[in-house]
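Accompanying notes for the structure given below.
There are 2 protein chains.
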Amino acid sequence: MRLLLVEDDPALQHELQQQLVRQNYSVDVAADGEIALFQGLEYDYDIAVIDLGLPKMDGTTVVKKLREKGRNFPILILTARDRWQDKVAGLDAGADDYLTKPFHIEELSSRLNALIRRCAGKASSTINNGPFTLDTATSQVSVEQISVNLSAQEFKVFKYLMLHIGEVVSKTTLTEHIYDQDFDLDSNVIEVFIRRLRKKLDPDSKHNFIETKRGQGYRLIDFTA
Amino acid sequence: MRLLLVEDDPALQHELQQQLVRQNYSVDVAADGEIALFQGLEYDYDIAVIDLGLPKMDGTTVVKKLREKGRNFPILILTARDRWQDKVAGLDAGADDYLTKPFHIEELSSRLNALIRRCAGKASSTINNGPFTLDTATSQVSVEQISVNLSAQEFKVFKYLMLHIGEVVSKTTLTEHIYDQDFDLDSNVIEVFIRRLRKKLDPDSKHNFIETKRGQGYRLIDFTA
DNA sequence: GAAAATGTTCAGCCCTTGTTCAGCTAGTAT
DNA sequence: ATACTAGCTGAACAAGGGCTGAACATTTTC
Numbered sequence: 324m325r326l327l328l329v330e331d332d333p334a335l336q337h338e339l340q341q342q343l344v345r346q347n348y349s350v351d352v353a354a355d356g357e358i359a360l361f362q363g364l365e366y367d368y369d370i371a372v373i374d375l376g377l378p379k380m381d382g383t384t385v386v387k388k389l390r391e392k393g394r395n396f397p398i399l400i401l402t403a404r405d406r407w408q409d410k411v412a413g414l415d416a417g418a419d420d421y422l423t424k425p426f427h428i429e430e431l432s433s434r435l436n437a438l439i440r441r442c443a444g445k446a447s448s449t450i451n452n453g454p455f456t457l458d459t460a461t462s463q464v465s466v467e468q469i470s471v472n473l474s475a476q477e478f479k480v481f482k483y484l485m486l487h488i489g490e491v492v493s494k495t496t497l498t499e500h501i502y503d504q505d506f507d508l509d510s511n512v513i514e515v516f517i518r519r520l521r522k523k524l525d526p527d528s529k530h531n532f533i534e535t536k537r538g539q540g541y542r543l544i545d546f547t548a
Numbered sequence: 324m325r326l327l328l329v330e331d332d333p334a335l336q337h338e339l340q341q342q343l344v345r346q347n348y349s350v351d352v353a354a355d356g357e358i359a360l361f362q363g364l365e366y367d368y369d370i371a372v373i374d375l376g377l378p379k380m381d382g383t384t385v386v387k388k389l390r391e392k393g394r395n396f397p398i399l400i401l402t403a404r405d406r407w408q409d410k411v412a413g414l415d416a417g418a419d420d421y422l423t424k425p426f427h428i429e430e431l432s433s434r435l436n437a438l439i440r441r442c443a444g445k446a447s448s449t450i451n452n453g454p455f456t457l458d459t460a461t462s463q464v465s466v467e468q469i470s471v472n473l474s475a476q477e478f479k480v481f482k483y484l485m486l487h488i489g490e491v492v493s494k495t496t497l498t499e500h501i502y503d504q505d506f507d508l509d510s511n512v513i514e515v516f517i518r519r520l521r522k523k524l525d526p527d528s529k530h531n532f533i534e535t536k537r538g539q540g541y542r543l544i545d546f547t548a
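From first to last, the protein sequence lines stand for chains A and B.
Numbering-wise (this note's numbering), the first sequence opens with residue 324 and increments by one.
Numbering-wise (this note's numbering), the second sequence opens with residue 324 and increments by one.
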């Protein structure tokens, strides 16, 4: 597993590198945004860990430029605790997950594992799950080869579920991932979107692809299992 | 999961409580150090979140005294950003992790999960016992590879038993771990839930996995032994 | 600027779930 | 043997979470 680590703080950089090497990653290190971008374009990494606060070029910009050039390996971004709002910009730029500093090394590695697993099947940026297909690049969704038109929000919800197949996802989690800042919690928007998704993607409810876990959330059934 | 939340700022206290309850913790709240200590000694919590800056008795002292009395549930301490130095004292006193305010609720819950997992000595988030499997992360339960749908309360009871395999667990203990504060004790809720668990998880009673110890409680059989 | 599509709110219904209860069974003590 | 107690069991019930269709609001499209 080839990993690109982008971190400017020498101490943290060193520690992370050691730990990651110990976990059998081949680690390349970059200490500023420009080097990071160059490296990221030059080599084909399996995964990248990028701190957002970087000299020369901001981490968000690095992510965005990498994605523009078609690099689609998973990216996990690191943000300082007092700047956690940046995560939204980072995720919008194309990062796949984030972690707030300081964190425990175990946390990082479990996130990395999850990311790799999650992104394993989407080399082509399309996720397949039984009759359902989602292309993250073109924002296309189809059921049994027939393309379905989803609105922006519907797509966000479905995408999140497709990226977390088999996991129980709470309504709060969904809300938080769909809206930037906090949102009126006693609203039933999510229920409505779920309803519309079920209607659009499975009108005859022959798949029952979204399970309801009362009091806990929703779960997209894993058809590959 | 029974959680003790110690926080004196009413607004933060309220918000945290809501969020934690939403994540299926049974939350008891204490607003000053003395109450916190009393509660911590009185009940058997699964985890505690303690702010260091408290009226009447300092958070560090609370942690120290709890540990002196042999309470060994994991403790996460909260420190204000401008007093982050205190965290060292807190960790020395016996806390297991810390978080600097302000923080994002997601961060807190992922820390709590990590703590619980780490302190339970379970590397993975799934617990196996003979034909029974419980995944604490996804709240999934299965018997002989077939997943079974448990309600929230049923799950809480089963989870507690699975975390205490082979131990005799009294009905009072179970009640205390499932509900906040006091609960009408001359009720047979637990019996009902046990009944439903036996029915759902072992319909033909071929495993007899929950033993009844008359006058003492229930015991989940250890199939690994 | 009008029409269409999308986002959000609302009210009523449905059904799971939590809880209680009453009658029953099986250990335990007298 | 008898009475007593703890636990078992099925059913009843109420409350709340989730579902749903439609209305209202907002944004996008033309």
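Even for Gly, the Cβ is constructed at its ideal location relative to N, Cα and C.
Bear in mind the structure is a predicted one, so any value in this text is a computation, not a measurement.
| message | Could you compute how far the alpha carbon of residue 356 of chain B sits from the alpha carbon of residue 479 of chain B? | response | Cα to Cα, the separation comes out at about 29 Å.
| Count the other CB atoms within 10 Å of the CB of residue 324 of chain A; is the residue buried (16 or more) or exposed (fewer)? | That one is exposed.
| So which residues on chain A does residue 461 of chain B lean against when the C-beta distance must stay under 9 Å? | At a C-beta separation below 9 Å, residue 461 of chain B has these neighbours in chain A: 489, 490, 491, 542.
| task | Determine whether the Cβ of residue 539 of chain A lies closer than 8 Å to any Cβ atom of chain B. | result | With 8 Å as the cut-off, residue 539 of chain A counts as an interface residue toward chain B.
| Can you name the start and end residues of the beta strand (DSSP E) that residue 426 of chain A belongs to? | Secondary structure note for residue 426 of chain A: it is in no beta strand (DSSP E), with a DSSP letter that is neither H nor E.
| request: Out of A:528, A:360, A:533, state which residue places its alpha-carbon closest to the alpha-carbon of residue 371 of chain A. | output: If we check each option's Cα against that of residue 371 of chain A, A:360 comes out closest.
| query | What residue does the alpha helix (DSSP H) around residue 358 of chain B start on, and which one ends it? | reply | Here the alpha helix (DSSP H) through residue 358 of chain B covers 356–365.
| request: List the DSSP bridge partners of residue 386 of chain B. | output: Its beta-bridge partners do not exist; DSSP assigns none.
| task | Note the first and the last residue of the continuous alpha helix (DSSP H) segment covering residue 402 of chain B. | result | Run containing residue 402 of chain B: none in the alpha helix (DSSP H); it sits in the beta strand (DSSP E), 398–403.
| residue 484 of chain B to residue 492 of chain B span [Cα, whole Å] | Roughly 8 Å between the two C-alpha positions.
| request: Can you tell me which of A:519, A:329, A:477, A:392 puts its alpha carbon nearest to the alpha carbon of residue 381 of chain A? | output: Answer by Cα proximity: A:329.
| field | Nearest to residue 515 of chain B (by Cα), restricted to the options B:529, B:541, B:336 | value | Among B:529, B:541, B:336, the Cα nearest to that of residue 515 of chain B belongs to B:541.
| query | Between residue 524 of chain B and the ligand PLP, is the CB less than 7 Å from at least one heavy atom? | reply | Ligands are entirely absent from the displayed structure, and the ligand PLP is therefore not among its contents.
| task | Measure from the alpha carbon of residue 331 of chain A to the alpha carbon of each residue in A:379, A:342, A:434, A:518, then state which is nearest. | result | Relative to residue 331 of chain A, the option among A:379, A:342, A:434, A:518 whose CA is nearest is A:379.
| Alpha carbon to alpha carbon, what distance is there between residue 338 of chain B and residue 384 of chain B? | Cα to Cα, the separation comes out at about 25 Å.
| query | Under 8 Å between C-beta atoms, does residue 495 of chain A make it to chain B? | reply | At a cut-off of 8 Å between beta-carbon atoms, residue 495 of chain A makes contact with chain B.
| field | CB contact check: residue 475 of chain B to chain A, cutoff 8 Å | value | With 8 Å as the cut-off, residue 475 of chain B counts as an interface residue toward chain A.
| request: Could you check the C-alpha separation between residue 511 of chain B and residue 499 of chain B for me, to the nearest Å? | output: Taking the straight line from one Cα to the other gives about 14 Å.
| query | Between residue 519 of chain B and chain A, is there a C-beta pair that is closer than 8 Å? | reply | Judged by the 8 Å Cβ criterion, residue 519 of chain B is not in contact with chain A.
| So residue 399 of chain B and residue 345 of chain B are in contact, right, with Cβ under 8 Å, and what is the actual spacing, rounded? | Going by Cβ atoms, the distance from residue 399 of chain B to residue 345 of chain B rounds to 18 Å, so no, they are not a contact pair.
| is_contact[residue 325 of chain B, chain A] using C-beta, thresh 8 Å | The Cβ of residue 325 of chain B sits no closer than 8 Å to any Cβ of chain A.
| query | What are the partner residues of residue 497 of chain B, as DSSP defines its beta bridges? | reply | None, per the DSSP bridge assignment.
| Reduced DSSP secondary structure (H/G/I, E/B, other) of residue 325 of chain B | Reduced to three states, the DSSP call for residue 325 of chain B is strand.
| task | Quick one: using the 10 Å Cβ neighbour count with 16 as the cut-off for buried, is residue 477 of chain A buried or exposed? | result | Result: buried.
| List, in order along the chain, the chain A residues whose C-beta lies closer than 8 Å to that of residue 345 of chain B? | 493, 495, listed in chain order.
| said: Closest to residue 376 of chain B by C-alpha separation, out of B:386, B:501, B:367, B:368, would be which residue? | reply: Closest in C-alpha terms to residue 376 of chain B, from the list B:386, B:501, B:367, B:368, comes B:386.
| Burial state of residue 403 of chain B (16 or more Cβ within 10 Å) | By the neighbour-count criterion, in which a residue is buried when 16 or more other Cβ atoms sit within 10 angstroms of its Cβ, residue 403 of chain B is exposed.
| query | In three-state terms, what does DSSP make of residue 542 of chain A? | reply | It is a strand residue.
| query | What are the start and end residues of the alpha helix (DSSP H) that includes residue 517 of chain A? | reply | Per DSSP, residue 517 of chain A is one residue of the alpha helix (DSSP H) stretching across 512–524.
| Can you tell me where the alpha helix (DSSP H) with residue 482 of chain B in it begins and where it stops? | Element bounds for residue 482 of chain B: 475–486.
| request: Grab the span of the alpha helix (DSSP H) containing residue 334 of chain A for me, first residue to last. | output: First-last of the alpha helix (DSSP H) with residue 334 of chain A: 333–345.
| Count the other CB atoms within 10 Å of the CB of residue 468 of chain A; is the residue buried (16 or more) or exposed (fewer)? | Burial call: exposed.
| request: Name, in chain order, the residues that DSSP records as bridge partners for residue 457 of chain A. | output: When DSSP reads this structure, residue 457 of chain A sits in a beta bridge with A:450, A:464.
| request: Please report how far the alpha carbon of residue 532 of chain A lies from the alpha carbon of residue 350 of chain B, in whole angstroms. | output: Distance between the alpha carbons of residue 532 of chain A and residue 350 of chain B is about 33 Å.
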